[in-house]
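Residue numbers (my numbering): 799 to 1139.
C-beta: ideal position from N, C-alpha, C; glycine also.
This is the structure we're talking about:
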């Protein structure tokens, strides 16, 4: 049985609190309609199942009439109300360290996404990928959560560094909404929609920006707590699922080795091989299955070029992707996509 992605109560509570404060929505009525107990929102470090978290989003949008609720929620994002991850990033030294910690501790606030970043030719590519190895409402309803995440990141950067992040480009992996003037205002650029991933692109020099509230001693204290919470979550997962998640994170233009994946899971290669064998799997088998699942998912988006998909899945050239896809499905990627339409 596929597990369901869960979300930190801090995220769910922030949606309700904003709807109440900004629009005068009744919290008890909203929560009742979404099928969630109001008292649950006051439990520290509680995990909210995706089915309930998404219901809160839908009810909040319906009751406020704000189709851009995610964007607007991000504008008033408060790190102090973000749980342990908020305490960690407030005490980081630079924006680069902030992004590293966000990437490291993403699943403490959301199992529905992977946040990671890379640097190439003087630009930062900060991606928010949707997890597809869980039962995850974001696969069908990504917009509000992704827009809230990116809007929140801009707000957090301004609060932490005192500087405004100037974006070179903004990508969203879903179709363009009817109205995008608020996107243009908040991001100070016109986002591109139906892209291969959700991404912010900005100047790499920004990574050196100092965090005004940096405190190494407090960072160490809060990181220990965050690591303990992360270890508790990780140990509840099978190694197969952990490897699938790690591969999906590392699979950008090159194939991650088992050594790289083992390192990311803080385990030896030999130990990882033993754990996978006990679950009836091998690393190569999981790598192949993960690439296949990601290929099928990417091909559902008609606006993603096949050569981009090949690159995202670690193939050196489109012809190699064609051969692998034909081995998996008996069809070429192009034929498979045509059959979907």
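Please report how far the alpha carbon of residue i lies from the alpha carbon of residue j, in whole angstroms.
i	j	result
residue 1177	residue 1011	Residue 1177 falls outside the range modelled here, since the chain spans only 799 to 1139, and no answer is possible.
residue 925	residue 1110	12 Å
residue 1025	residue 1052	28 Å
residue 828	residue 870	18 Å
residue 1038	residue 1081	9 Å
residue 1002	residue 964	11 Å
residue 1129	residue 1101	19 Å
residue 832	residue 854	5 Å
residue 844	residue 806	6 Å
residue 801	residue 1008	39 Å
residue 809	residue 1121	43 Å
residue 994	residue 970	8 Å
residue 867	residue 880	18 Å
residue 1022	residue 842	18 Å
residue 799	residue 1035	Low confidence applies here, because residue 799 scores a pLDDT of 46, under 50, leaving its location unreliable; read the following figure in that light. Taking the straight line joining both Cα atoms gives about 13 Å.
residue 1083	residue 935	27 Å
residue 989	residue 811	28 Å
residue 933	residue 1085	20 Å
residue 967	residue 928	19 Å
residue 1076	residue 1006	44 Å
residue 1132	residue 1019	52 Å
Quick check on residue i: does DSSP put it in helix, strand or coil?
i	result
residue 802	strand
residue 1137	helix
residue 964	coil
residue 914	strand
residue 998	strand
residue 1050	coil
residue 1100	coil
residue 1004	helix
residue 922	strand
residue 974	coil
residue 931	coil
residue 842	coil
residue 987	coil
residue 1062	helix
residue 892	strand
residue 908	strand
residue 940	coil
On the CB-based measure, 16 or more other CB atoms within 10 Å of its CB, does residue i come out buried or exposed?
i	result
residue 1113	buried
residue 941	buried
residue 977	exposed
residue 899	buried
residue 1092	buried
residue 1072	exposed
residue 956	exposed
residue 917	exposed
residue 835	exposed
residue 1047	buried
residue 1105	exposed
residue 1103	exposed
residue 997	buried
residue 1134	buried
residue 1014	exposed
residue 954	buried
residue 864	buried
residue 946	buried
Between residue i and residue j, how many whole angstroms is the CB-CB distance? I'm expecting something under 8 Å.
i	j	result
residue 1059	residue 1044	5 Å
residue 959	residue 1016	Residue 959 to residue 1016, Cβ: 17 Å. No contact.
residue 1095	residue 930	6 Å
Hey, does residue i have any beta-carbon neighbour from chain C nearer than 8 Å?
i	result
residue 968	Although the question refers to chain C, the structure presented lacks it and comprises just one protein chain.
Should residue i be listed as close to the ligand MN, given that the test is whether its C-beta is under 7 Å from any heavy atom?
i	result
residue 929	No copy of the ligand MN occurs in the structure displayed, which carries no ligand at all.
Stretch-stretch touch, CB-based, cutoff 8 Å, three pairs: the stretch 1067-1085 with the stretch 916-932: No, the stretch 1067-1085 does not touch the stretch 916-932.
Touching by the beta-carbon criterion (3+ pairs, under 8 Å), the stretch 815-825 and the stretch 854-863: Touching, per the Cβ criterion.
Count Cβ pairs between the stretch 903-912 and the stretch 968-976 that sit closer than 8 Å; are there 3 or more? Output reads no: the stretch 968-976 does not touch the stretch 903-912.
Touch test, the stretch 863-882 against the stretch 929-945, Cβ-Cβ under 8 Å, three pairs minimum: Yes: the two stretches touch, three or more of their Cβ pairs being nearer than 8 Å.
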